[in-house]
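Here's what the structure looks like:
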């Protein structure tokens, strides 16, 4: 029977008007929760997944820096239309460098060496939201650069660094406790299937999903590797090869049931009462159950318009009565038995 399911309770009330079976409400709730279309369309009314993972506190100033860009500003007379912001993660000291939108990684590296490395040395880590290709080219230009400082400067700064390090650790711990109140832990295992959340803009440009009624999630995709406490690598299809395959856990939603091959709805002949006939198409397994008087044969049958997971067990008498000719004829069994007895 075909029916819409705006919710398990409403669907149960609609079906109760004509049908009833044991554990009806429980099975309907399970069916609605595992619906592939519902999992992709419906919003997720839960706290964001993934606890806050703070960055490690730097041991020395200008060893760990953060880079960000302010873009789409009015163009100056010299052609600058953006600002490159470079912040020391320990002391929070910042440099604001005028740049142009068309600058490459090599141009940024050259600017960084002339304005930052000459004053503070080469950093050990750089945090920025650019792609991995930009970061790799940027680091290639910085390799081999070193700047040393005198012992007086180092001794004078050690006490200041210890004080800053202690306060940063306290502030970081307090901020994590505030953030985790609005989050929930979520862990997946390798081999699980998950849906990937897409925003309206990224859904159009990266995943080919567009329209007012576009799904909120795409997939499901298989998890191939856990890359960290809150990051997972997904097995994406070939048409998404240009998309980076590592995602934060807050972008993922567990797939309750991996969808099987879709049934061709055009081949289903629906009756006026919104029902359709089913017939057995294949026997998957066979077993026997012995009683005091006889032995009963059971067959696991796959039905039309259903997958193998939805196969059911039926008695031999039921199949012979309702679907004659589907099971092997009993005469073949007797012939095989006679041949075996003669050979013995």
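Residue numbers (UniProt numbering): 1 to 344. C-beta atoms are modelled at their ideal positions from N, C-alpha and C, and glycine is treated no differently. On a predicted model such as this, the values are computed, not experimentally measured, just so you know.
So residue i packs on residue j, CB below 8 angstroms; how close in whole Å?
i: residue 197; j: residue 251; result: 5 angstroms
i: residue 51; j: residue 183; result: 6 angstroms
i: residue 75; j: residue 81; result: 5 angstroms
i: residue 161; j: residue 62; result: Not really, about 11 angstroms apart at Cβ, beyond 8 angstroms.
i: residue 308; j: residue 284; result: 6 angstroms
i: residue 286; j: residue 299; result: 5 angstroms
i: residue 46; j: residue 28; result: Their Cβ separation, rounded to whole angstroms, is 22 angstroms, which puts residue 46 and residue 28 out of contact at 8 angstroms.
Near residue i, what residues of its chain come up, given a Cβ to Cβ distance below 8 angstroms and the 5 sequence neighbours on each side ignored?
i: residue 335; result: The pLDDT assigned to residue 335 is 39, lower than 50, so where the model puts this residue is not dependable; a value taken from the coordinates is nonetheless given after this. So no residue of the chain qualifies.
i: residue 232; result: 188, 194, 223, 225, 226, 246, 247, 249 and 252
i: residue 258; result: 193 and 220
i: residue 115; result: 95 and 97
i: residue 169; result: 57
i: residue 338; result: Residue confidence for residue 338 is low, a pLDDT of 37 falling below 50, so the modelled location carries little weight; the figure read from the coordinates is stated next. Answer for residue 338: no residue qualifies.
i: residue 172; result: 54 and 57
i: residue 24; result: 12, 15 and 16
Taking the alpha-carbon of residue i as reference, which of the options has the nearest alpha-carbon?
i: residue 48; options: 128, 170, 121 and 186; result: 186
i: residue 256; options: 7, 290 and 31; result: 31
i: residue 278; options: 323, 9, 80 and 88; result: 323
i: residue 221; options: 244, 229 and 191; result: 191
i: residue 93; options: 119, 27, 159 and 303; result: 119
i: residue 96; options: 302, 238 and 108; result: 108
i: residue 111; options: 84, 91 and 254; result: 84
i: residue 239; options: 29, 218 and 27; result: 218
i: residue 312; options: 319, 159, 320 and 301; result: 301
i: residue 78; options: 87, 99, 86 and 72; result: 99
i: residue 103; options: 117, 125, 71 and 171; result: 71
i: residue 87; options: 101, 229 and 123; result: 123
i: residue 7; options: 22, 230 and 39; result: 39
i: residue 163; options: 91, 26, 229 and 181; result: 91
i: residue 101; options: 73, 121 and 125; result: 73
i: residue 356; options: 158, 21 and 254; result: Coverage of the chain is limited to positions 1 through 344, which leaves residue 356 absent and any answer about it impossible.
For residue i, which beta-bridge partners are listed by DSSP?
i: residue 285; result: 300
i: residue 66; result: 87 and 127
i: residue 25; result: Its beta-bridge partners do not exist; DSSP assigns none.
i: residue 280; result: 303
i: residue 313; result: 300
i: residue 49; result: 184
i: residue 82; result: 99
i: residue 290; result: 295
i: residue 217; result: 197
Counting only the same chain and skipping the five closest in sequence on each side, list residues whose C-beta sits under 7 angstroms from that of residue i.
i: residue 165; result: 57
i: residue 150; result: Its pLDDT being 44, under 50, residue 150 is placed unreliably by the model, and nothing is read from it.
i: residue 176; result: 52 and 54
i: residue 41; result: 215 and 216
i: residue 9; result: none
i: residue 148; result: Residue placement at residue 148 is poorly supported in this model, since its pLDDT is 43, which falls under 50; the coordinates still yield a value, given next. Closer than 7 angstroms at the Cβ level, and outside the excluded window around residue 148, lies no residue.
i: residue 33; result: 256
i: residue 306; result: none
i: residue 26; result: none
i: residue 125; result: 64
i: residue 180; result: 51 and 52
i: residue 291; result: none
For residue i, which residues in the same chain have their Cβ closer than 6 angstroms to its Cβ, ignoring the five residues on either side in sequence?
i: residue 89; result: 58, 64 and 66
i: residue 304; result: 278, 279 and 281
i: residue 127; result: 66
i: residue 297; result: 288 and 316
i: residue 318; result: none
i: residue 35; result: none
i: residue 167; result: none
Ignoring anything shorter than 3 residues, give me the beta strand (DSSP E) runs that lie fully in the stretch 165 to 202, in order along the chain.
193 to 197
Could you tell me which uninterrupted beta strand (DSSP E) segments, each at least 3 residues in length, are contained entirely in the stretch 219 to 262, listed from first to last along the chain?
231 to 235, 246 to 248 and 252 to 254
Whole runs of the alpha helix (DSSP H) within the stretch 92 to 136, excluding any shorter than 4 residues:
105 to 112
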